[in-house]
Amino acid sequence: MLLKDRVVIVTGGSSGIGRSISLEFAKEGAKVVIADIVEEPKRGKFFEKEHKPPVATEINDNGGNATFVKTDVGNQDDVEELIRYTMDFYGQLDVLVNNAGIHIPGNSQELSMSDWDKVIQVNLRGQVVAAKNAIPHLKNSKFGRIIQIASINSFGGGLGPAYPISKAAVINLVHDLSIELGPHNVTVNAICPGAIETPIQDYMTKEIIEEYLKTIPMGRFGLPKDIARAAVFLASDDANWITGEHLTVDGGHRAKV
Ligand SMILES: NC(=O)c1ccc[n+]([C@@H]2O[C@H](COP(=O)([O-])OP(=O)(O)OC[C@H]3O[C@@H](n4cnc5c(N)ncnc54)[C@H](O)[C@@H]3O)[C@@H](O)[C@H]2O)c1
67 MLLKDRVVIV
77 TGGSSGIGRS
87 ISLEFAKEGA
97 KVVIADIVEE
107 PKRGKFFEKE
117 HKPPVATEIN
127 DNGGNATFVK
137 TDVGNQDDVE
147 ELIRYTMDFY
157 GQLDVLVNNA
167 GIHIPGNSQE
177 LSMSDWDKVI
187 QVNLRGQVVA
197 AKNAIPHLKN
207 SKFGRIIQIA
217 SINSFGGGLG
227 PAYPISKAAV
237 INLVHDLSIE
247 LGPHNVTVNA
257 ICPGAIETPI
267 QDYMTKEIIE
277 EYLKTIPMGR
287 FGLPKDIARA
297 AVFLASDDAN
307 WITGEHLTVD
317 GGHRAKV
């Protein structure tokens, strides 16, 4: 087991990529705190259509150790309570996976400023607030890690004026935090997923998905597990000296000019 007895918080862990990260971390022996606005997994139009049990239930039923804490990462009080709960319950915190994220479609004319605020609040402020509150405890861990889920949209436009900005900023946050936390032996890295089969794709149409597939050299969307295993690697001892980096996991999408 690569992560035996490490205590991990996964924000947005109920569905999609966060769900898979929670499951894979638990398989590697981690104790997982799932922090999400809802415990029930989302059911998508195209992906993850079938009913699944809450991830904490699935982990505990399979002999693992997981807890759900209702948390809106856009709400500072919720995040402070999440960290307090984790410390009271498990007595340590080793890994923060900042995964919760939303996308609201619309270009500069269509997207309202209140929707812009919402995206930034969850995707960017949420990651900053969670890191800020987790860091004092991560510094006390022998295996301190922050893993931020960014996106290939960190590097280009085309998805409106909110989502790509929020994801671009997350890359800079990784650089900044890695400098701050290097002396404390805490690593900070991002994963930049390409298109992954999760309910976040519900805003697309079947036709858009078919066109999109043609732009991916490997010819398929990624599976949540493709991202989850990259996260396991970054949290493991194999990545002890990797910090301030972003790992693109996209089936070759960005390799094409
Ligand atoms: N799926 C993709 O193609 C893709 C690509 C690049 C990056 N990402 C990023 O990966 C992360 C996970 O995306 P996904 O595809 O699994 O999405 P998803 O919609 O399938 O799941 C997101 C989870 O986050 C939770 N969540 C939403 N707002 C929250 C909040 N305020 N506080 C706590 N939890 C909240 C949701 O309830 C849900 O369980 C996001 O940051 C997303 O931007 C996804």
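If you read the sequence shown in our numbering, its first letter stands for residue 67, the second for the next number, and so on.
Ideal Cβ positions, reconstructed from N, Cα and C, are used throughout, including at glycine.
Here the alpha carbon of Phe209 sits roughly 19 Å from the alpha carbon of Ala132. Distance from the CA of Ala261 to the CA of Ser217, rounded to the nearest whole angstrom, comes to 9 Å. Secondary structure of Gly248 (DSSP, three-state): helix. Checking the 6 Å criterion, the Cβ of Gly167 is within range of a heavy atom belonging to ligand 1. The beta-carbon distance between Gly110 and Asp71, rounded to whole angstroms, is 33 Å. This is too long to meet the 8 Å contact definition. As the crow flies, the alpha-carbon of Ala228 is around 22 Å from that of Leu313. DSSP, reduced to helix, strand and coil, places Asn206 outside both helices and strands of the structure shown, so it counts as coil. Counting along the chain, no beta strand (DSSP E) covers Ala92; the unbroken alpha helix (DSSP H) around it starts and ends at Gly82 to Lys93. Ligand 1 has no heavy atom closer than 6 Å to the beta-carbon of Ile186. Between Pro290 and Ser86, the C-beta gap is smaller than 7 Å, which places the two residues in contact. A distance below 6 Å between beta-carbons, with the five flanking residues on each side excluded, links Ser302 to the following residues of its chain, in chain order: Leu68. Taking 6 Å as the cut-off, one finds no heavy atom of ligand 1 near enough to the beta carbon of Thr281. Contact annotation, Pro265 with Phe113: C-beta distance approximately 6 Å; criterion of less than 8 Å satisfied.
Closer than 6 Å to some heavy atom of ligand 1: that describes the Cβ of Val104.
Taking the Cβ atoms as the reference, Gly130 lies roughly 17 Å from Ala101, outside the contact range of under 8 Å. Taking a contact to require three or more Cβ pairs closer than 8 Å, the segment 238-256 and the segment 192-206 qualify as touching. If you look at Pro290, you'll find it in the alpha helix (DSSP H) that goes Pro290 to Ala301.
Counting C-beta pairs with one atom in each stretch, the segment 146-155 and the segment 117-125 have fewer than three that are closer than 8 Å, which means they do not touch.
Residues of the same chain with a CB within less than 7 Å of the CB of Gly167, apart from the 5 flanking positions on each side, are Gly78, Val188, Asn189 and Ile215 in chain order. The DSSP assignment places 179-186 and 192-204 as complete runs of the alpha helix (DSSP H) inside the segment 170-235, in order along the chain (cut-off: 4 residues). Rounded to the nearest whole angstrom, the C-alpha separation of Gly84 and Gln175 is 31 Å. When the Cα atoms are used, Asn126 and Phe221 turn out to be separated by approximately 38 Å. Taking a C-beta distance under 7 Å as the contact criterion, Gly310 and Met284 do not qualify as a contact pair.
In the displayed model, His117 falls within coil according to three-state DSSP, outside both helix and strand. Between Ile275 and Ser232, the gap from beta carbon to beta carbon reaches 7 Å or more. Contact annotation: Tyr156 and Val98 have beta-carbon atoms that are not nearer than 7 Å. Residue burial is scored here from C-beta neighbours: Pro259 has at least 16 other C-beta atoms within 10 angstroms and is therefore classed as buried.
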